[in-house]
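Right, one structure below, let's go through it.
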Amino acid sequence: MSDADGTWISLFSGGKDSSWALYQALEEGLDVSRLVTVHPTGDSYMYHVPATDLAALAAESTGIPLVDVEPGNFEADAATDSSAQGDDELEPLEAALTDLDEELEGGIAGVTAGAVESEYQTSRIQAMCDRLGCELFAPLWQKDPRELADAMLEAGFEITIIQVAAAGLDESWLGRTLDRDAIEELETVHEEYGVHILGEGGEFETLVVDGPHMDQRIDLEYETEWDGTRGRLRITDAKLQR
């Protein structure tokens with residue numbers, strides 16, 4: 001369906017994992033011409049959910065055009081089968097990529113994704129790429145989480161924690177920079193509570209506010225919302241440094 005000389009699409013939330021996949025693709029010399037952000041309105045099995053509206057600022061800072069995909073509300077209930085929900089959530093994304101494949105000169109050569117260990121996500125994205133006839137670039141896949149975290153910091157990523165939802169992570173983590181001290185603390189929390197060092201299971205979510213792939217840093221103003229077990233940043237203002 002796509003041409004080997006076509007362009008690349010980066011699945012992008014503004015979080016650290018998708019941003020790292022984008023950065024690695026650019027480092028590899030892949031021609032990334034579009035970022036695609038999915039905006040779930042409820043809990044999602046497939047996508048990074050919080051503050052995806054900030055992806056527009058992050059995309060502006062990269063200089064790569066952003067395509068928004070609104071899949072609707074796939075919030076699960078007790079009767080929802082997770083496999084079926086994941087398939088349903090993928091349909092709007094695949095439709096958007098199909099349109100881009102027809103619109104872009106040469107079609108889509110490949111898609112970047114930031115999955116680390118989620119077979120659930122990766123198998124579905126790989127199957128989608130197979131149907132589109134394009135490659136999948138997943139540079140974080142099955143890599144050591146601590147080595148990935150160290151590599152992100154070494155490259156100059158500035159990462160802010162915008163949501164936490166796991167035992168062992170309290171309100172003090174909201175708005176915290178994911179620096180080396182934080183990563184070392186997360187290793188301790190991992191040993192005690194099983195929290196993934198990169199938050200792969202949704203234990204925490206992030207926003208990359210600066211990095212080598214960005215021309216301008218994102219400045220955030222926010223309030224914290226905490227219910228005793230989980231919380232998030234409520235962004236009151238966000239802008240690019242000029």
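Following the UniProt record's numbering, the numbering of the sequence shown begins with 1 at its first residue and continues without gaps. Idealized CB from N, CA, C, for every residue including glycine.
Compute the Euclidean distance between the alpha carbons of residue 200 and residue 5, then round it to the nearest angstrom.
33 Å
Restricting to runs no shorter than 4 residues, where is the alpha helix (DSSP H) found entirely within the region 97-156?
Scanning the region 97-156 from its first residue to its last, the whole alpha helix (DSSP H) runs of 4-plus residues come out as 119-132, 145-155.
I need the straight-line Cα distance from residue 182 to residue 64, nearest angstrom please.
30 Å
Along the chain, which unbroken stretches of the beta strand (DSSP E) at least 3 residues long are found entirely within the region 171-217?
Listed in chain order, they are 204-210.
Please report the Cβ distance between residue 10 and residue 112, rounded to the nearest whole angstrom; I am assuming they are in contact, meaning their Cβ atoms lie under 8 Å.
4 Å
So which of 147, 30, 93 has the shortest CA-CA distance to residue 67?
93
How many Å lie between residue 81 and residue 121 at the Cα?
In this prediction, residue 81 scores a pLDDT of 48, lower than 50, which makes its location untrustworthy; the coordinate-derived value is nonetheless stated afterwards. Looking at the two C-alpha atoms, the distance is approximately 15 Å.
Relative to the alpha-carbon of residue 226, which residue among 143, 157, 166, 97 has its alpha-carbon at the smallest distance?
166
From 228, 191, 232, 221, pick the residue whose C-alpha is nearest to that of residue 241; which is it?
221
Just confirm the distance between the C-beta atoms of residue 216 and residue 18, as a whole number of angstroms; I'd bet it's less than 8 Å.
Contact between residue 216 and residue 18 does not hold, since their C-beta atoms are separated by about 19 Å, which reaches or exceeds 8 Å.
Quick check on DSSP: helix, strand or coil for residue 10?
strand
By how many angstroms is the C-alpha of residue 156 removed from the C-alpha of residue 169?
The straight-line gap separating the alpha-carbon atoms of residue 169 and residue 156 is approximately 25 Å.
Look up residue 62 in the DSSP assignment and say whether it is helix, strand or coil.
helix
What would DSSP say about residue 166, mapped onto helix, strand or coil?
coil
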